[in-house]
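Per the UniProt record's numbering, residue 1 is the first one in the sequence shown, and the count goes up by one each step.
The beta carbon of each residue, even a glycine, is placed where N, CA and C say it ideally should be.
Structure record follows, encoded as structure tokens.
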Amino acid sequence: MACKRGALIVLEGVDKAGKTTQCNRLVQALQQSGRPAEMMRFPDRTTTIGQLISAYLEKKSDLEDHAVHLLFSANRWELVPLMKKKLEQGITLVVDRYAFSGVAFTSAKPGFCLDWCMKPDVGLPKPDLVMFLQLSPAEAALRGQFGEERYETSVFQRAVQQKFDQLRKDPAVNWQVIDASQSVEDVHENISTHSLNTVNAAQNRPLGEL
Ligand code: DGP
1 MACKRGALIV
11 LEGVDKAGKT
21 TQCNRLVQAL
31 QQSGRPAEMM
41 RFPDRTTTIG
51 QLISAYLEKK
61 SDLEDHAVHL
71 LFSANRWELV
81 PLMKKKLEQG
91 ITLVVDRYAF
101 SGVAFTSAKP
111 GFCLDWCMKP
121 DVGLPKPDLV
131 MFLQLSPAEA
141 ALRGQFGEER
151 YETSVFQRAV
161 QQKFDQLRKD
171 PAVNWQVIDA
181 SQSVEDVHEN
191 ISTHSLNTVN
201 AAQNRPLGEL
């Protein structure tokens, strides 16, 4: 009998929402329950394209806004063969940011519309579940200062939050909003419940496309 596919689970949200901590916790929990799982993150700064993106984020280089948008998308596309292989092997992928960050961050810049920003990611594997870790800008500020990277200002993050609010209206994507102001443990419980349901349901459904 063919092996049942893994689920593609994405965590999105503004900076400081706790995505990376929760991705790690979720992978651990899935593995401990006997379900193969691995974490991925975008941008993946280890590839050649990822290194260009990393230098841009660290403000070591400047890139034209459309060009960098396409690089972020190319960084996702270059990992699609690996993602598909793992999903087919029955491994659930827990992904820290995906195409939705791509659209939200670029469309928060002046002169960009959602429609143009979404185009390069059309055809990417569609997540079975996207959990949005919701945290108000005021609560995010309580979690400490932003870092030094590009985009890490409260004004820009508020604009990104608004773009995510628009993206979440798309009924073609399975969005779940998670209250990220709760304790790490409570957020984890919430995320785990949604994920277990998704892992079970995804086994019997073909992988979709964005
Ligand atoms: P992180 O490694 O999760 O801190 O993300 C790096 C930064 O890059 C973060 O501020 C969000 C932003 N980002 C992530 N994906 C994209 C994308 O596809 N396009 C743009 N413009 N920014 C992105």
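DSSP state of residue i mapped onto helix, strand, coil
| i | result |
| --- | --- |
| M1 | Residue confidence for M1 is low, a pLDDT of 49 falling below 50, so the modelled location carries little weight and cannot support an answer. |
| D44 | coil |
| T153 | coil |
| G111 | coil |
| I53 | helix |
| E189 | helix |
| Q176 | strand |
| K126 | strand |
| Q134 | strand |
| G34 | coil |
| D96 | strand |
| V10 | strand |
| E148 | coil |
| E209 | strand |
Heavy atom of the ligand DGP within 7 Å of residue i beta-carbon
| i | result |
| --- | --- |
| L70 | no |
| P81 | no |
| P127 | no |
| L124 | no |
| D115 | no |
| E148 | no |
| T106 | yes |
| G102 | yes |
| L11 | no |
| F132 | no |
| L52 | no |
| D96 | yes |
| F42 | yes |
| D62 | no |
| L210 | no |
| L57 | yes |
| D179 | no |
| D15 | yes |
Cβ-Cβ separation, residue j to residue i (assumed contact under 8 Å), whole Å
| i | j | result |
| --- | --- | --- |
| G147 | L210 | So it is not a contact: roughly 29 Å between Cβ atoms. |
| Q157 | D15 | 6 Å |
| S154 | A141 | 6 Å |
| residue 222 | I178 | Residue 222 is absent from the model: the chain starts at 1 and stops at 210. |
| residue 254 | G90 | The question about residue 254 has no answer, for the chain in this structure spans 1 to 210. |
| L129 | R5 | The Cβ separation is near 14 Å, so there is no contact. |
| S73 | P120 | 4 Å |
| D44 | L11 | In fact, because the Cβ distance is near 15 Å, the residues do not count as touching under 8 Å. |
| F114 | M40 | The question names Phe, but residue 114 is Leu in the sequence shown. Going by Cβ atoms, the distance from L114 to M40 rounds to 24 Å, so no, they are not a contact pair. |
Assigned exposure category for residue i - 16 Cβ within 10 Å defines buried
| i | result |
| --- | --- |
| S101 | buried |
| G50 | buried |
| L57 | buried |
| M1 | For M1, the predicted structure reports a pLDDT of 49, less than 50, and the residue's modelled location is therefore unreliable. The matter cannot be settled from this model. |
| S195 | buried |
| Q203 | exposed |
| A17 | buried |
| Q161 | buried |
| L8 | buried |
| N200 | exposed |
Residue i at chain B interface by Cβ criterion, 8 Å
| i | result |
| --- | --- |
| R45 | In the structure shown, chain B does not exist; there is a single protein chain. |
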